[in-house]
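To start, the structure under review is shown below, and the notes come after it.
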Amino acid sequence: MAEAVVEAHGLGRRYGARSVLENIDLDVHAGQVFGVVGPDGAGKSTLLQMLAAILRPSAGTCQVLGRDVRRDPAGVQARVGYMSQGFSLYDRLTVAENLAFAADIRDVTGPERAVRGAELLRMAGLDRFQHRREGQLSGGMRKKLALCANLMHEPPLLILDEPSLGVDPLSRRELWRILDRARTEGRTIVFATSYMDEADACDRVLLLRDGKPLALGAPQELRRDVAGQVYRITGPALDRIEAALETDVGVISFQRRAGREVRAQVRDGSRLAPIEAAVAEAAVPTMEDVFTFASAPPPAPPGAASAAPPQPPPPRIRNDVIVSRGVSVRFGDFKAVDDVTITVAEGEILGLLGPNGAGKTTLIRILCGLLSPGEGTAEVAGFDVARQSEAVRARIGYMSQRFSLYPDLSARENLTFFARAYGVPRSELRGRIAWASARASLEDAGEGAVRDLSGATRQRLALACAIVHRPRVLFLDEPTSGVDPLSRFRFWRLIAALAADGVGIVVTTHYMEEAAFCDRLGLMMDGRLIALGPLTRLADELGLVTPDVEAVFLGFIERERTGQGRAA
Amino acid sequence: MKARRVLAFARKEVLEISRDRFTMGVALLMPLMMLFLFVYGISLDVDRAPLIVVDHDRTAASRELQARFLNSGYFILQAAPEDERSAEHALMRGTARAALFIPPGFSGRLGRGEDAPVQFVVDGTYASTAAILSAYGRAILHAYPEEVRLPLRPEVRVWYNPQLRSRNFIVPGLFAVILMAFPPLLTALAVAREKELGTIAQIYASPLTGSEFIAGKLLPYAVIAYAELLLVVFGGVVWFEVPVRGSVGLLLAVGLLYVLCTVSIGLLVSTLVRTQLAAMLTALIVTLMPAFLFSGFVYPLFTMPPAFQAYASALPTRYFLEFSRGVVLRGAGLGDLWPNVLVLAAYTATVFALATWRFRKRIA
Chain A
135 MAEAVVEAHG
145 LGRRYGARSV
155 LENIDLDVHA
165 GQVFGVVGPD
175 GAGKSTLLQM
185 LAAILRPSAG
195 TCQVLGRDVR
205 RDPAGVQARV
215 GYMSQGFSLY
225 DRLTVAENLA
235 FAADIRDVTG
245 PERAVRGAEL
255 LRMAGLDRFQ
265 HRREGQLSGG
275 MRKKLALCAN
285 LMHEPPLLIL
295 DEPSLGVDPL
305 SRRELWRILD
315 RARTEGRTIV
325 FATSYMDEAD
335 ACDRVLLLRD
345 GKPLALGAPQ
355 ELRRDVAGQV
365 YRITGPALDR
375 IEAALETDVG
385 VISFQRRAGR
395 EVRAQVRDGS
405 RLAPIEAAVA
415 EAAVPTMEDV
425 FTFASAPPPA
435 PPGAASAAPP
445 QPPPPRIRND
455 VIVSRGVSVR
465 FGDFKAVDDV
475 TITVAEGEIL
485 GLLGPNGAGK
495 TTLIRILCGL
505 LSPGEGTAEV
515 AGFDVARQSE
525 AVRARIGYMS
535 QRFSLYPDLS
545 ARENLTFFAR
555 AYGVPRSELR
565 GRIAWASARA
575 SLEDAGEGAV
585 RDLSGATRQR
595 LALACAIVHR
605 PRVLFLDEPT
615 SGVDPLSRFR
625 FWRLIAALAA
635 DGVGIVVTTH
645 YMEEAAFCDR
655 LGLMMDGRLI
665 ALGPLTRLAD
675 ELGLVTPDVE
685 AVFLGFIERE
695 RTGQGRAA
Chain B
44 MKARRVLAFA
54 RKEVLEISRD
64 RFTMGVALLM
74 PLMMLFLFVY
84 GISLDVDRAP
94 LIVVDHDRTA
104 ASRELQARFL
114 NSGYFILQAA
124 PEDERSAEHA
134 LMRGTARAAL
144 FIPPGFSGRL
154 GRGEDAPVQF
164 VVDGTYASTA
174 AILSAYGRAI
184 LHAYPEEVRL
194 PLRPEVRVWY
204 NPQLRSRNFI
214 VPGLFAVILM
224 AFPPLLTALA
234 VAREKELGTI
244 AQIYASPLTG
254 SEFIAGKLLP
264 YAVIAYAELL
274 LVVFGGVVWF
284 EVPVRGSVGL
294 LLAVGLLYVL
304 CTVSIGLLVS
314 TLVRTQLAAM
324 LTALIVTLMP
334 AFLFSGFVYP
344 LFTMPPAFQA
354 YASALPTRYF
364 LEFSRGVVLR
374 GAGLGDLWPN
384 VLVLAAYTAT
394 VFALATWRFR
404 KRIA
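Structural data, given as structure tokens:
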């Protein structure tokens, strides 16, 4: 076996009394691609910062490229390539200037510098943009440039913190092409991700949650370990299947997929109880399943079974609660939303997918009446968003990426505040809060300040706050970012239950796999809606056999580029 | 420390700054604005104080006394009411700063060679202004009627600023204060910005050392700060016509040292904070505020309690302020003021070393 590039024992980091990472043992060998996988707040960045020797460990030892990160941090810093989360280059410098600066501070001089720079830019498809300011590039291009800047000094080890977070699928593919090239050159890659498909492509992965290691190993091994515990269940009445799974104590979690099937994870040693009028077959586990198992609570959770309330029959006539026609908005020269036409019916879940900067959030702001459309019209809950925005805002619920909660107040105080702010009469306050808490399954929120709640609990509290005034339309802007798969599945079940009540729901996400939970998808890119419809129909339209969201998205981007017209 | 890396870093800074026109504008306009505001706004000269005269004598002699007050240029006539009561009222309302009461029979007593009492009342709300006004009043009264023969004949001369023009005193003080106000602020913001945007991570994970980073930041901001110094000196000498008795070259040379010192303070602040907001507030509190109050700019240090004098001595502004006033007003040279230059040099070296030491290439 090749030499160890990274070797860590009992590595941990605490800030004051708070431990953010503990007991990490890992070794990465030369030429490997090693994934650190987990939701936001799991401790991924902390771990990578310690490996890059820019954060001092509070416990354990760590050798990187044969140097101790504690005793020789400068030696480690000078030899690795480290790409932090977000954008780490200078937005006022051009592409070429940024690259030159990266080379300068790493002592890359001489003729090979120009050759290497040109080669990297060509590989990243950035050679045409040499003189453009970094700040004027798209998110994907900025990430590719940052990667190039970190390859200028040909580091033997690349440490990348969520390189593809929020990047469009095309740029993500190009990013990985550059990384594959780096790998064939013999470089070792350690990267953090919350995307499970990227985890699947690693040589080895470390699963992290709440600062603790859950599992370490090759993805095949980890998947093999849970083989036979994952089921695909199909049948005519998915609601009934879900109700049955809800009561089965052997079931860890289950998720509805693309409206046609339910996937269930079952505890080791238990068997799936037979379900009436349904066919259950064993499925090949994915990394998402692995993570679900790894983060499962201990067996027989007391009383946690009633997450989803009983479902009333869906309404007969489904009225449209959102109708937008040719909506556009400009910021200066920049068209943030370009000619978007969509409808959403009562009880329907529309998923808006797209990379950062595609216009998803701006579109939601228009539909919420927070931003007037420059062109086109939109009606939400029967009111015009531009002229009757007050009326619109009283009938919608909005949950933003940042959850907009008051961290120093308790869950109950937050709920009370939002209920009062939305004009819920004092006499109904108690009932409404109880209802919203039950709907969001908030039994674990307690009386403490919100700052001390876990990300997943805060997410459900934010949902409760968004629905406490019983809105007819619910907008969820990246509601699941930073939450582990198990909690995400649980959240999606709550969303499905709200939809069953007749609430029209618009969700944005950059987790492609979540598309499967939506009735219809809108794919957005550069402000335009490049495709709209159920996932399976979109796949059919492109002639794809399996409804893989990323393939569908790439297919429609390709279609846009070759100019085969706008969204059908 | 490798010169090549420092220069590469400084070049990057220059590119960034040159593309940020707003910051450039603020950097060059604000010092000039401050110069103008302060010179026009702060005047320590006391003249044209509104005066109330209550003249019960109404003779040529009493009118002559009144005229002496008004012709001095230090007083203007606010009103000449009939009775004391309305005079008191004017003082109470603050429309007059002083009042002169001339009793009936004033010229008669004067003619007879008797003591002729007059009353001169000064509003003591602004203590220092009141002290100056009462001194003016006393001087005018002493010189009246004519030829007061005193056994002692003092001959008082004011050196260095014979017209006692406060502008000549304020402007060289402002050189020191302005350069303590803006350069540290700009520099502190520049580093905090890298922390906020996350570009600092790239610096951390590179061979660039702390001293190279600090030096690379220092150079371009020192150039900007020096441009600010040139601007305010030019404005002071050309626009406000402040005579420079000493060597302008010496002032500008030591000014360079002072500029390096203030920029280093900005860098030290920036190593202590994470956000631009914190950088701004900290810079204001450690530089601008003490530069105003504890440098001798307006309030003389020798009147302060010892603890505050010690505090003032711990800040670099007073040393350059003394130097600047010494060169501009007194025509002093290096031979007189070398200790100040020495302190500034030591201060600069210490702050730079501290900033380098504090700038650890670590997130935490």
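From first to last, the protein sequence lines are chains A and B.
Heads up, the first sequence is in the numbering used here, so the first residue is 135 and it goes up one at a time.
Heads up, the second sequence is in the numbering used here, so the first residue is 44 and it goes up one at a time.
Note that CB positions come from ideal geometry on N, CA and C, so glycine has one too.
Nothing here was measured: the structure is a model prediction, and the numbers come from that model.
Beta carbon of residue 209 of chain B nearer than 8 Å to that of residue 86 of chain B: Position 166 of the second sequence, counted from the first residue, corresponds to residue 209 of chain B. Position 43 of the second sequence, counted from the first residue, corresponds to residue 86 of chain B. Contact flag set, yes.
Measure from the alpha carbon of residue 606 of chain A to the alpha carbon of each residue in A/208, A/222, A/529, then state which is nearest. Counting from one through the first sequence, the residue named residue 606 of chain A turns up at place 472. The candidate whose alpha carbon is nearest that of residue 606 of chain A is A/529.
Any residues in the region 238 to 249 of chain B with a beta carbon nearer than 8 Å to a beta carbon of chain A? Which ones, in chain order? 240, 241, 242, 244, 245, 246, 247, 248, 249
Using only alpha-carbon positions, find the residue among A/694, A/599, A/162 that is nearest to residue 321 of chain A. Position 187 of the first sequence holds residue 321 of chain A. Ranked by Cα distance from residue 321 of chain A, the options A/694, A/599, A/162 are led by A/162.
Paired residues, beta bridge with residue 367 of chain A - DSSP: For this step, residue 367 of chain A is matched to residue 233 along the first sequence. Paired residue(s): A/396, A/414.
Suppose you measure from the CA of residue 202 of chain A to the CA of residue 571 of chain A; what does that come to, to the nearest Å? Within the first sequence, the letter at position 68 stands for residue 202 of chain A. Within the first sequence, the letter at position 437 stands for residue 571 of chain A. Going from the Cα of residue 202 of chain A to the Cα of residue 571 of chain A covers about 50 Å.
Closest Cα partner of residue 314 of chain B within the set B/154, B/213, B/397: The residue given as residue 314 of chain B occupies position 271 in the second sequence. Among B/154, B/213, B/397, the Cα nearest to that of residue 314 of chain B belongs to B/397.
Please state whether the Cβ-Cβ distance between residue 407 of chain A and residue 362 of chain A is less than 8 Å. The residue you call residue 407 of chain A lines up with position 273 of the first sequence. The residue you call residue 362 of chain A lines up with position 228 of the first sequence. Cβ distance not < 8 Å, so residue 407 of chain A and residue 362 of chain A don't count as in contact.
I need the straight-line Cα distance from residue 257 of chain B to residue 377 of chain B, nearest angstrom please. Reading the second sequence from its first residue, position 214 is the one you call residue 257 of chain B. Reading the second sequence from its first residue, position 334 is the one you call residue 377 of chain B. Each residue's Cα considered, the two are about 30 Å apart.
Below 8 Å between beta carbons: does that hold for residue 385 of chain A and residue 400 of chain A? Position 251 of the first sequence, counting from 1, holds the residue named residue 385 of chain A. Position 266 of the first sequence, counting from 1, holds the residue named residue 400 of chain A. Yes, Cβ-Cβ distance for residue 385 of chain A and residue 400 of chain A is below 8 Å.
Excluding five sequence neighbours on each side, which residues of the same chain lie with their C-beta closer than 7 Å to the C-beta of residue 460 of chain A? Residue 460 of chain A sits at position 326 when you count from the first residue of the first sequence. Excluding positions up to five away in sequence, the list reads 473, 475, 509, 510.
Any C-beta of chain A sitting closer than 8 Å to the C-beta of residue 51 of chain B? Mapped onto the second sequence, residue 51 of chain B falls at position 8. It does: the Cβ of residue 51 of chain B has a partner Cβ on chain A nearer than 8 Å.
In angstroms, rounded to a whole number, what distance separates the CA positions of residue 662 of chain A and residue 513 of chain A? For the purposes of this step, residue 662 of chain A is identified with residue 528 of the first sequence, where counting begins at 1. For the purposes of this step, residue 513 of chain A is identified with residue 379 of the first sequence, where counting begins at 1. In a straight line, the C-alpha of residue 662 of chain A is about 19 Å away from that of residue 513 of chain A.
Cutoff 8 Å: residue 402 of chain B Cβ touching any chain A Cβ: Stepping through the second sequence from its first residue, residue 402 of chain B is reached at position 359. It does not; no Cβ of chain A falls within 8 Å.
Leaving out five residues on either side along the sequence, give the residues of the same chain with a beta carbon under 8 Å from the beta carbon of residue 691 of chain A. Along the first sequence, one-based indexing puts residue 691 of chain A at 557. Cβ neighbours of residue 691 of chain A beyond the five flanking positions: 302, 303, 304, 659, 664.
Rounded Cβ spacing between residue 142 of chain B and residue 164 of chain B (contact assumed at less than 8 Å): Residue 142 of chain B sits at position 99 when you count from the first residue of the second sequence. Residue 164 of chain B sits at position 121 when you count from the first residue of the second sequence. That pair is a contact at about 4 Å.
Report buried or exposed for residue 247 of chain B, applying the criterion of at least 16 other Cβ atoms within 10 angstroms of its Cβ. For the purposes of this step, residue 247 of chain B is taken as residue 204 along the second sequence, with counting starting at 1. Answer is buried; the Cβ neighbour count reaches 16.
What residues are listed by DSSP as bridge partners for residue 292 of chain A? The count along the first sequence starts at 1 and reaches residue 292 of chain A at position 158. A/215, A/323, per the DSSP bridge assignment.
Since I believe residue 186 of chain A is in contact with residue 210 of chain A (beta carbons under 8 Å), could you give me their beta-carbon distance rounded to a whole number of angstroms? Reading the first sequence from its first residue, position 76 is the one you call residue 210 of chain A. Reading the first sequence from its first residue, position 52 is the one you call residue 186 of chain A. Rounded, the Cβ-Cβ distance is 7 Å, consistent with contact.
Please say whether residue 123 of chain B and residue 98 of chain B have beta carbons closer to each other than 8 Å? Within the second sequence, numbered from 1, the residue matching residue 98 of chain B stands at position 55. Within the second sequence, numbered from 1, the residue matching residue 123 of chain B stands at position 80. Taking 8 Å as the Cβ cut-off, residue 98 of chain B and residue 123 of chain B qualify as a contacting pair.
By the 8 Å beta-carbon criterion, what residues does the region 383 to 401 of chain B contribute toward chain A? If the cut-off is 8 Å between Cβ atoms, the region 383 to 401 of chain B has nothing near chain A.
Give a yes or no on whether 8 Å exceeds the smallest Cβ distance from residue 221 of chain A to chain B. For the purposes of this step, residue 221 of chain A is identified with residue 87 of the first sequence, where counting begins at 1. Residue 221 of chain A counts as touching chain B.
By alpha-carbon positions, which one of A/625, A/494, A/479 ends up nearest to residue 471 of chain A? Working through the first sequence from its first residue, we reach residue 471 of chain A at position 337. Residue 471 of chain A has its Cα closest to that of A/494, out of A/625, A/494, A/479.
For residue 533 of chain A, the residue or residues it bridges with in DSSP: Taking the first sequence and counting its residues from 1, one reaches residue 533 of chain A at position 399. Per DSSP, A/610.
Between which two residues does the alpha helix (DSSP H) carrying residue 689 of chain A extend? Looking up residue 689 of chain A in the first sequence gives position 555. Residues 683 to 695.
Please state whether DSSP places residue 425 of chain A in a helix, a strand or coil. Sequence index remark: in the first sequence, residue 425 of chain A carries index 291 (1-based). The answer is helix: DSSP assigns residue 425 of chain A an H, G or I state.
Counted within 10 angstroms of its Cβ, other Cβ atoms place residue 732 of chain A as buried (16 or more) or exposed: Missing from the structure shown is residue 732 of chain A; chain A here goes from 135 to 702 and no further.
If we define contact as Cβ-Cβ less than 8 Å, is residue 189 of chain A a contact residue for chain B? Along the first sequence, one-based indexing puts residue 189 of chain A at 55. Yes, its Cβ sits closer than 8 Å to a Cβ of chain B.
So, are the CB atoms of residue 283 of chain B and residue 73 of chain B less than 8 Å apart? For the purposes of this step, residue 283 of chain B is taken as residue 240 along the second sequence, with counting starting at 1. For the purposes of this step, residue 73 of chain B is taken as residue 30 along the second sequence, with counting starting at 1. With respect to residue 73 of chain B, residue 283 of chain B sits apart: the two C-beta atoms are not nearer than 8 Å.
Within the 8 Å Cβ cut-off, does residue 240 of chain A reach chain B? The residue you call residue 240 of chain A lines up with position 106 of the first sequence. Output row for residue 240 of chain A: interface = yes.
Taking 8 Å as the cut-off, does the region 496 to 505 of chain A touch the region 461 to 470 of chain A (at least 3 CB pairs, one atom from each stretch)? yes
What number of angstroms, rounded off, separates the C-alpha of residue 275 of chain A from the C-alpha of residue 505 of chain A? Taking the first residue of the first sequence as position 1, residue 275 of chain A is located at position 141. Taking the first residue of the first sequence as position 1, residue 505 of chain A is located at position 371. About 28 Å.
In chain A, which residues lie less than 7 Å from residue 232 of chain B when you measure between Cβ atoms? Translated into the one-based positions of the second sequence, residue 232 of chain B becomes position 189. What residue 232 of chain B touches in chain A: nothing, since even the nearest Cβ is about 14 Å away.
If we count the other Cβ atoms within 10 Å of its Cβ and call it buried at 16 or more, is residue 559 of chain A buried or exposed? For this step, residue 559 of chain A is matched to residue 425 along the first sequence. Residue 559 of chain A is exposed by the Cβ-count criterion.
Who are the neighbours of residue 226 of chain A on chain B, taking C-beta pairs under 8 Å? Walking along the first sequence from the start, residue 226 of chain A turns up at place 92. Correct list: 58, 59, 62, 63.
3 or more residues per run - each beta strand (DSSP E) lying fully within the region 621 to 694 of chain A: List check, beta strand (DSSP E) in window: 638 to 643, 654 to 659, 662 to 667.
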